[in-house]
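The structure appears below as structure tokens.
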Amino acid sequence: MSRFLLKTLLRGLLILLVLPLLLILLTVGLLSSESVNRWLMGKVSDFEPRLQLQLE
Numbered sequence: 004m005s006r007f008l009l010k011t012l013l014r015g016l017l018i019l020l021v022l023p024l025l026l027i028l029l030t031v032g033l034l035s036s037e038s039v040n041r042w043l044m045g046k047v048s049d050f051e052p053r054l055q056l057q058l059e
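Just so you know, my numbering puts 45 at position 42 of the sequence shown, and the rest follows in order with no gaps.
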């Protein structure tokens with residue numbers, strides 16, 4: 004298995020684990036602060052630059 008494929012699979016797995024948790028936290032309202040939301044979305048976009056998230 005090539006290094007690129009392994010790296011891509013690990014990145015995809017981490018995204019699949021992190022995004023549902025992020026959505027649950029945002030839905031419950033635990034992250035109501037706009038600055039916290041911006042920081043979190045910045046971290047997500049740093050991890051996966053192709054992901055486009057819109058803050059309202």
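We treat Cβ as the ideally placed atom computed from N, Cα and C, and that holds for glycine.
This one's a predicted model, so the numbers in the text were calculated from it and none came from an experiment.
Please report how far the alpha carbon of R6 lies from the alpha carbon of E51, in whole angstroms.
Counting from one through the sequence shown, the residue named residue 6 turns up at place 3. Counting from one through the sequence shown, the residue named residue 51 turns up at place 48. Going by the C-alpha atoms only, they are around 18 Å apart.
With DSSP run on the structure shown, which of helix, strand or coil describes E37?
Locating residue 37 in the sequence shown gives position 34, counting from the first residue. DSSP places E37 in helix when its eight states are reduced to three.
Straight-line CA distance for V39 to K46?
Sequence index remark: in the sequence shown, residue 39 carries index 36 (1-based). Sequence index remark: in the sequence shown, residue 46 carries index 43 (1-based). Near 11 Å, if we compare the C-alpha coordinates of K46 and V39.
When every heavy atom of the ligand SAH is checked, does at least one fall within less than 7 Å of the C-beta of G15?
This structure lacks the ligand SAH; in fact it carries no ligand of any kind.
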